[in-house]
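Heads up: the structure comes next, in structure tokens.
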Amino acid sequence: MFTIKNQKNNARRGVLTTPHGEMQTPFFMPIATKGAVKSLSSRDMETLGADILLSNTYHLMLKPGLEPMKQLGGLHTFMNWQKPILTDSGGYQVFSLSKMNKITEDGVTFNSHLDGARIHLTPELSMEMQAAIGSDIRMQFDHVAAGTSTKEVYEDAMERSLRWAKRCKDVPRTDEHLRFGIVQGGTYEDLRERSAKGLVEIGFDGYAIGGLSVGEPKEDCYRFTEFTTRFLPTDKPRYFMGGGMPEEIVYYVSVGVDMFDCVLPTRNARHGTLFTWNQDPFTIDFEKEAKNVFAQSFYTQKRVTNEQFQFTTEPLDAFCSCETCQNYSPAYLRHLFATQELLAYRLASIHNLTFYLTLMRALRASLE
RNA sequence: GCGGCUAUGGUGAAAAGGUUAUCACAGGGGUUUGUGGUACCUCUGUUACGGGUUCGAUUCCCGUUAGCCGCC
């Protein structure tokens with residue numbers, strides 16, 4: 098169930114209810130692809146204030162596998178996380194692992210990157226795996242085409258995604274959960290419109306904007322996200338899949354997107370790039386920032402591995418109250434990266450996730 | 001003291017009488033968008049010292065110095 102509590106222009110402030118609890122929207126989902134947010138525990142994620150995690154059907158299908166996951170009683174129990182989980186269907190791996198898979202109308206055959214074993218993923222199997230995982234929000238299996246594709250390829254992928262959407266919708270429900278469709282169509286307005294309308298006709302609990310941030314110019318990403326929202330029902334949650342940088346999220350919220358996930362805070366953390374505030378996040382004029390997406394004035398990315406931090410003892414981020422900023426100097430963080438201590442990944446991930454979760458809190462506050 | 005071997009970036013190695021001496025690591029800077037779990041791109045930096053042969057030597061020769069090995 099999705100309830101909008103307040104709206105400012107197109108931006109929405111709402112509540113999304115799932116079997117494992119409710120989330121205040123707009124929200125951000127940290128990514129636990131294989132059942133763990135890299136370097137962090139479930140308890141860490143609670144401490145950070147995450148309300149929902151994202152996990153991945155394809156990766157969990159490889160390990161531990163469908164039957165083991167059933168036997169283990171689902172992912173909530175397995176990883177001891179009692180709040181909601183959203184699962185990606187494996188559609189993104191059609192794109193990201195495109196060198197190792199073959200697409201047919203029935204589904205996609207992957208050569209496992211782990212042991213070369215063949216896995217034939219279909220819409221039905223993806224839904225079965227997501228049921229085994231026990232996720233609260235399940236994504237349709239879709240066909241993501243690269244951002245540099247021709248219109249013919251986009252159209253083919255979009256039409257197939259629509260047919261697969263219907264097949265996912267038709268899988269009988271055995272429990273309470275939300276099921277989302279995914280808009281494709283690349284960077285063509287007519288394809289995006291047909292995709293969105295087709296999905297709405299099938300009928301889902303929420304709608305995702307997919308197939309963006311996959312190699313196309315950033316302006317297109319902004320433009321087609323805004324364009325796509327025009328064809329989505331206002332009373333259902335909208336989910337921008339896979340993005341993005343802080344200023345992107347600010348923009349997408351302004352055009353009415355409610356849900357986000359992105360690997361950037363955690364991956365950048367592992368590579369030593371930390372997001373820091375230029376001002377108190379609760380004083381940011383997000384309406385202004387959304388109109389100025391390329392100005393990027395409210396935060397700075399700091400490379401804590403850089404030489405300039407060798408002797409820096411002042412806090413990394415004066416506006417951050419995370420465990421890392423409260424207890425450790427940039428100089429120490431740099432040392433941890435230089436010596437490849439595992440603690441580097443953990444402390445940096447704690448900070449970057451705190452940044453993203455705080456960004457969402459500040460955005461919600463601005464919409465009250 | 002005598003004999004032998006070696007001497008190439010910060011480190012470890014490679015190559016060659018002739019454009020700009022190669023590679024890895026380290027170091028500097030950057031990239032990352034529904035995560036193929038330590039990635040990718042890029043830059044900086046070297047022929048121990050002195051003399052000789054040669055049109056040209058970092059390469060061949062002699063000496064100096066240093067290190068290693070053996071002998072007395």
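As numbered in our numbering, residues 98 to 465 make up the first sequence, in order.
Positions of the beta carbon are idealized from the N, C-alpha and C atoms, including for glycine.
Remember, it's a predicted structure, so these values are computed and weren't measured experimentally.
With 16 or more neighbouring CB atoms inside 10 Å of its own CB, residue 142 falls in the buried class. Within the DSSP secondary-structure output, residue 305 pairs in a beta bridge with 279, 336.
Around the CB of residue 129, 16 or more other CB atoms lie within 10 Å, so the residue is classed as buried. Collapsing the DSSP output to three states places residue 232 in coil. Counting along the chain, no beta strand (DSSP E) covers residue 445; the unbroken alpha helix (DSSP H) around it starts and ends at 440-463. Around residue 350, the same chain offers 108, 123, 460 as residues with beta carbons nearer than 6 Å, after the five sequence neighbours per side are excluded.
Contact between residue 199 and residue 206 holds, since their C-beta atoms are separated by about 5 Å, short of 8 Å. Nearest C-alpha to residue 452 among 231, 366, 313: 366.
Taken through DSSP and simplified to helix, strand or coil, residue 112 comes out as strand. By the Cβ neighbour-count rule, residue 332 is exposed, with fewer than 16 other Cβ atoms within 10 Å of its own.
Just measuring C-alpha positions, the residue of 242, 210, 271, 266 sitting nearest residue 230 is 271. Rounded to whole angstroms, the separation of the alpha carbons of residue 377 and residue 407 is 26 Å. In this structure, the CA atom of residue 416 is about 44 Å from the CA atom of residue 254. Under the DSSP definition of a beta bridge, residue 400 partners with 370. Put simply, the backbone Cα of residue 191 is about 36 Å away from that of residue 435. Annotation for residue 226: 154, 158, 163 place their beta carbon closer than 6 Å to its own, counting only its chain and skipping 5 residues before and after. Rounded to whole angstroms, the gap between the alpha carbons of residue 347 and residue 430 is 29 Å. Taking the Cα positions, residue 156 is about 6 Å away from residue 131.
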